[in-house]
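Shown next, in structure tokens, is the structure this report addresses.
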Amino acid sequence: MGFITKKMHNGPSYITETILPGPTRRRNRAPLIYADCITESERSNVRAEEDLSIYIQVVPCKRRTDRNERLVMGFRFDLLLLFTTLVLLSTTTSTVLSDVILSKVDRRIDLTSQIVRVTSTLKVENAGPGPVSEVLLTFPEIQAKNLAYLKATLNEGKGKVKNSGSNLPINVANPEELPPSLIFHSVSLPKALGEGDSLTIDVLAVFIHVLRPFPEEITQADIQLVLFQDTAHYLSPYAVKVQSLTVKLPKARIEMYTKLENTNIHGSDIKYGPYENLPPFSYAPVVVHFETNQPFAVAQELVREIEISHWGNVQVTEHYNIVHGGAKSKGEFSRLDFQARPHLRGASAFRNLVAKLPPRAHSIYYRDEIGNISTSNVWGDPKKTELLIEPRYPLFGGWRTTFTIGYGLPLQDFLFGSEGKRFLNFSFGSPINDLVTDNLIVKVVLPEGSDDISISTPFPVKQGQETKISHLDVAGRPVVVLEKTNVVPEHNQYFQVLLLPISISLNCIEVLKCELRPLLLQYYIECANKRLAEDW
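Residues 1 to 536 in full-length UniProt numbering are what the sequence shown lists, from first letter to last.
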């Protein structure tokens, strides 16, 4: 027996769905959808290309099974058009794509934090007569919009990555005769594969905002449940001989999961497969409904200002606008209950964040709009300095906070010289662990008179330039502005700002500033004395 909940839009025939409340075992138990059961023969009569949406069977754990009938949860997987397209594409794959075969695919999905990391090991074979110089990676459009980071590297086998310091080039591709509902990325191989040749590549795809809270609102006493949806089969334009999937979950309760052929649970891991002889664009939707209390810290905007001083210091100032991106909190908040039983009355909230700063960070401060916050701790070793910060209140779903972190660094650790030029080598992303940043703005304030400025980043960013007027400046300091959306910890790589030393022609300005400083200082002292006299 199977089930389907479906509405036909090409005729009067339809099957209605009934939403029934689930058992009242817990207050945050999500409503369940009871779907009419039909036979496999009836299921085959339903044409996928006429369906407006796809409902996926989610099998509850045995302890949730009803005595007389089974309640199943139908969750709409927003890939109906994609599913129809994949059915058609499975028989119309071009000859060029059919020359490539994925002899073995091993996928691992890590759901232990709000950032979903999918690692795929692909063994690529050339079964055609012509050379193959690229491999296509496929993502549904609805999934690609949440793709924050993508990396591909060569693998020499036995888990050892060859030339791990250099990544394979990846570019967005637009293959002919393939639908726009699929987003393709082309991985350029270091050497073209001849007939019968093979190699193995590791692909890391990092997604954000793909764990959907379900239910979307919970009280302080409720646990946080989220839904994750994907495909058990590796979505690819190539045929796959053998493929397996492992979904790693937090060490918490699994509410429900999709059960397909060859599905097993080992501890907190769900294993699908192995599946053999999969055609191109094979697709098997799966949904996992599970508990997670990991911090859903999302910086809707982060502005990092890196100011280079003439006096051998780098001052870093970071302005955070953070929201809890998990299930929204409803009802009243009791601090007494939270303090007495934080693991029961606020398990989904987070009360602190940890930032990993460079090892020689000094003059560290942490404040918000009200003023200085004393609830913070700093400790370190020769490799790093860690700053633990606590907002004034614990953050539940939908709650917000803003704060500022500042620290100083020795300039000699980040400024280097080469061929008559100077370049600043600094990290791009946020130092806070597992933080998702929707919009990151990095401002590098250079010394006044800096010229011939160029930027080198390991990934595409939006670049701009502005001017900042600071104390005793004449022409203003050039500011390099870098902006990027959907930033994850994998983006915390080094970027370079190259510039020429301050030209000799600007020495007159420096001399003028030196001559003006005593006069300005005297003026400031006179003004201060005048104010002091008025106060008396």
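Where a beta carbon is used, it is the ideal one built from N, C-alpha and C, also for glycine. Please read these numbers as outputs of a predicted model, since none were measured by experiment.
For Glu125, DSSP records a beta bridge to Ile101 and Ser198. Under the three-state reduction of DSSP output, Pro489 falls in the helix class. Between Val461 and Lys468 a beta carbon distance of about 20 Å is seen, past the 8 Å cut, so the two are scored as non-contacting. A straight line joining the alpha-carbon of Asp452 with that of Ala475 spans about 16 Å.
Taking the C-beta atoms as reference points, Thr231 is found nearer than 8 Å to Val286. Between Arg351 and Ser334, the CB-CB gap reaches or exceeds 8 Å. Taking C-beta separations shorter than 8 Å and ignoring five residues to either side along the sequence, the partners of Val187 in its chain run Glu134, Val135, Leu136, Leu137, Ala152, Leu168, Pro169, Ile170, Ile201 and Val203, following chain order. Between the C-alpha atoms of Ser450 and Val378 there is a straight-line separation of about 35 Å. Per DSSP, reduced to three states, the secondary structure at Arg108 is strand. Residue environment analysis places Asn372 among the exposed positions, since fewer than 16 neighbouring C-beta atoms fall within 10 angstroms of its C-beta. Under the DSSP assignment, Asp222 falls outside any beta strand (DSSP E); it carries neither an H nor an E label. Remark: C-beta atoms of Leu225 and His324 do not approach each other more closely than 8 Å. Nearest in C-alpha terms to Phe228, of all of Ser236, Met256 and Leu199, is Met256. With respect to Glu141, Leu178 sits apart: the two C-beta atoms are not nearer than 8 Å. In this structure, Lys484 is the residue among Glu448, Leu302, Lys484 and Glu332 with its C-alpha nearest to the C-alpha of Gly464. Leaving aside the five residues that flank Val445 on each side, the residues in its chain whose CB is nearer than 6 Å to its CB run, in chain order, Glu307, Lys468, Arg477 and Val479.
Within a 10 Å sphere around the beta-carbon of Gly397 sit 16 or more other beta-carbons, which makes this residue buried. It is roughly 10 Å from the alpha-carbon of Leu387 to the alpha-carbon of Tyr365. A distance below 7 Å between beta-carbons, with the five flanking residues on each side excluded, links Phe423 to the following residues of its chain, in chain order: Phe416, Gln496, Val497 and Leu498. No Cβ-Cβ contact shorter than 8 Å links Val100 with Leu122. Residue state for Glu141 is assigned as helix, using DSSP reduced to three classes. Under the three-state reduction of DSSP output, Phe426 falls in the strand class. Assignment of Leu182 by DSSP, reduced to helix, strand and coil, places it in the strand class. An exposed status is given to Leu472, since fewer than 16 other beta-carbon atoms sit within 10 Å of its beta-carbon. Gly267 sits exposed, since fewer than 16 C-beta atoms from the chains shown fall within 10 Å of its C-beta. Around Thr119, the same chain offers Arg108 and Leu204 as residues with beta carbons nearer than 6 Å, after the five sequence neighbours per side are excluded. Burial is judged here by how many other beta carbons sit within 10 angstroms of a residue's own beta carbon; Leu102 has at least 16 and is buried. In the DSSP assignment, Glu369 forms no beta bridge with any residue.
Asp222 is classed as buried because its beta carbon has at least 16 other beta carbons within 10 Å across all chains shown. According to the DSSP secondary-structure assignment, Ser418 is paired through a beta bridge with Lys421.
Using a 10 angstroms sphere on the CB of Pro489, the tally of other CB atoms reaches 16 or more, which defines it as buried. Taking the C-beta atoms as reference points, Pro382 is found no nearer than 8 Å to Gly312.
In this structure, the straight-line span from the alpha carbon of Asn486 to that of Val436 is close to 7 Å. Looking only at Thr292, Ala361, Ala297 and His310, the smallest Cα-Cα distance to Ala347 is reached by Thr292. Of the residues assessed, Asn425 falls on the exposed side of the cut-off, its CB having fewer than 16 other CB atoms within 10 angstroms. Residue pairing from DSSP places Ala299 in a beta bridge opposite Ile322 and Thr437.
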